[in-house]
Amino acid sequence: MMPQSSRFSPQKGMLTRHLECKSLDPQPIDKIYLSEAFPQIDLPQRIKPPENCKSPARIAVASRDDRVRQTYFSPQAIAMKKLKKKLRAKFDNIIGLDENLTYFTYPNQRLQDEAVSAKLLKEFTMLAESGKRSGRHDTEFAAYICLGIIHDNEQDYTKAIDCYMCAYLLSENMGNKAFQALSCNYIGVDYQLMSSINKAYMYTGHFVDANNVSLEKALLFHQKHLEISNGAGKFVAHLNLGLTSASLNRPSEATWHYQEGLRFAIANNSKQWQSLAVGNLGLLACRHNDAETSLACIERHLQHLELLHDRSGEAYAWFLLGQIALHMGDYDRAVRSLDHAYRMSKEIGELSMMKQYSCYVGAARARLRMKDYIAKVSCDFVHVTD
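Taking full-length UniProt numbering, the leading residue of the sequence shown gets 1, the next gets one more, and so forth.
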């Protein structure tokens with residue numbers, strides 16, 4: 001028998017620890033935390049499970065730098081770009097080329113070692129069955145949540161939703177509102193992530209499909225989460241409802257949810273939550289050409305990020321300010337903002353973001369020089385005519 005790798009050791013005894021856990025107390029309203037230490041705007045947010053759930057670690061969401069690298073600078077992305085160029089040159093009017101080739105551009109990547117996953121799935125399946133037989137519903141619920149997280153780490157969202165649905169139905173029979181809210185949150189987020197599979201590297205608020213069935217299901221479960229939750233939990237539900245509504249091309253509903261989320265964030269005195277709500281509101285306004293609202297929101301978003309010391313978020317906020325300035329025709333401010341984003345991304349080692357920002361800096365400088373050139377030519381023309 002092969003010796004077991006030392007990386008398995010953190011999960012050793014998982015079943016034993018769960019069986020020793022007598023009850024799974026829900027988190028107090030003011031102790032609801034997000035799964036990510038530095039959550040990103042434009043992405044769905046998950047609630048962190050209770051500490052005594054002892055769930056496996058959830059693999060962190062890809063950073064903006066990772067997403068840009070995979071989308072534009074990875075070997076797969078570069079090869080696919082060349083292939084599309086060749087196909088368009090050889091064949092005229094290829095219908096659905098991008099959609100049909102996206103599956104190969106963004107393959108379902110195994111984010112977790114398969115041996116680790118198999119071991120954990122076996123343990124937590126046994127735990128769920130044991131809890132069911134003995135009537136220990138808290139333990140059974142925790143096992144279903146853990147199984148869902150393992151499937152999420154494998155990007156197998158269909159199986160993850162099945163596990164979270166088991167957890168939801170069980171919590172409904174238990175009459176436990178906190179557990180129902182947690183399950184609804186996880187199901188809704190997974191439906192959001194499923195909505196853009198094979199269409200983009202991963203789901204973000206940039207994805208819009210007014211007739212997407214998965215997004216409609218996500219909306220349903222986030223609405224249930226909103227109805228069940230109290231206080232702070234409503235913030236997460238509003239944030240996810242805003243993102244889902246925007247992806248369904250319902251900007252008015254999205255705006256209302258973000259505003260309600262901001263109200264809850266202010267009531268809970270959370271800078272992080274205020275940053276997320278106002279940042280998403282600014283992005284939505286930017287995408288619908290409301291420059292004045294987007295500028296005010298992103299400036300406020302940047303202020304919160306500086307207090308939170310989220311350097312990656314700050315760089316992206318400066319980039320957004322540059323984009324808004326470009327849209328408003330303020331090229332001088334656009335150059336300054338985009339250059340600031342470029343230098344910050346270079347300092348923190350986000351090389352893919354740095355490459356992307358440098359392109360926009362060049363475009364902004366070109367527009368600024370063109371503006372000055374047109375003004376000079378116009379002035380010379382006036383002098384000549386005089």
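C-beta atoms are modelled at their ideal positions from N, C-alpha and C, and glycine is treated no differently. As the structure is a prediction and not an experimental result, all values here were calculated from the model.
Residue nearest to residue i in terms of C-alpha spacing, selected from the options
i           : options                   : result
D190        : L169, A218 and C166       : A218
L281        : N269, A296, N268 and S270 : A296
A265        : V236, E292, D290 and R250 : V236
L321        : Y360, K48, I374 and S196  : Y360
R58         : Q155, N268, Y201 and T139 : Q155
Q45         : I187, L248 and A363       : I187
I41         : A363, L302, L368 and E347 : L302
residue 429 : M328, K177, I78 and K122  : With the chain covering 1 to 386 only, the question about residue 429 has no answer from this structure.
T244        : M194, L182 and T71        : M194
I197        : S183, C184, T158 and N230 : T158
D162        : I145, S35 and A325        : I145
Y121        : S55, G175 and I78         : A small fix is needed here, since residue 121 is Leu in this sequence, not Tyr. Among S55, G175 and I78, the Cα nearest to that of L121 belongs to S55.
M344        : Y203, H309 and R365       : H309
R250        : G231, S229 and V208       : V208
G231        : A267, S252, E216 and K199 : A267
V61         : A37, A89 and R300         : A37
Neighbourhood of residue i by C-beta, 6 Å cutoff - its chain only, sequence neighbours within 5 removed
i    : result
A341 : A315, W318, F319 and Y357
H238 : H257, E260 and G261
L284 : A246 and A254
S352 : D65, V68, R69 and F73
W273 : F235 and A265
A366 : none
G329 : none
A181 : H225, I228, S229 and G233
Neighbourhood of residue i by C-beta, 7 Å cutoff - its chain only, sequence neighbours within 5 removed
i    : result
Q223 : L241
K160 : Per the sequence shown, residue 160 should be read as Ala rather than Lys. Result list for A160: G148, H151, D152 and D190, in chain order.
T204 : D42 and L43
L220 : none
S294 : G282, A285, C286 and I324
S63  : S312
Y201 : R67, Q70, T71 and Y106
L338 : F319, G322, Y357, Y360, V361 and A364
C166 : Y144
Residue i - DSSP class collapsed to helix/strand/coil
i    : result
I47  : strand
Y103 : Here Y103 scores only 49 on pLDDT, less than 50, and its place in the model should not be relied on; the value that follows carries that caveat. DSSP places Y103 in helix when its eight states are reduced to three.
Through-space distance from residue j to residue i, alpha-carbon basis
i    : j    : result
S214 : C53  : 28 Å
S171 : S134 : 16 Å
K132 : E140 : 6 Å
P49  : R287 : 33 Å
N211 : F124 : 36 Å
L305 : K355 : 22 Å
L248 : A291 : 22 Å
H206 : R369 : 31 Å
N185 : F179 : 10 Å
L307 : Y164 : 35 Å
G175 : S183 : 13 Å
Y168 : S252 : 30 Å
E216 : I374 : 49 Å
S130 : E51  : 21 Å
Q76  : L87  : 16 Å
K81  : K90  : 14 Å
8 Å Cβ shell around residue i - same chain, five flanking residues per side excluded
i    : result
L276 : P39, I41, Q45, L239, G261 and A265
S117 : I150, N153 and E154
V335 : G322, V361, A364, R365 and L368
Could you tell me which uninterrupted beta strand (DSSP E) segments, each at least 3 residues in length, are contained entirely in the region 239-274, listed from first to last along the chain?
none
Considering only residues of the region 108-172, which uninterrupted alpha helix (DSSP H) runs meet the minimum length of 4 residues and lie entirely inside it, listed in chain order?
114-134 and 137-153
Tell me the start and end of each unbroken alpha helix (DSSP H) in the region 39-83 that is at least 4 residues and wholly inside, in chain order.
64-68
Jot down the residue ranges of each uninterrupted alpha helix (DSSP H) in the UniProt repeat "TPR" (315-348), minimum 4 residues, whole runs only, in chain order.
331-347
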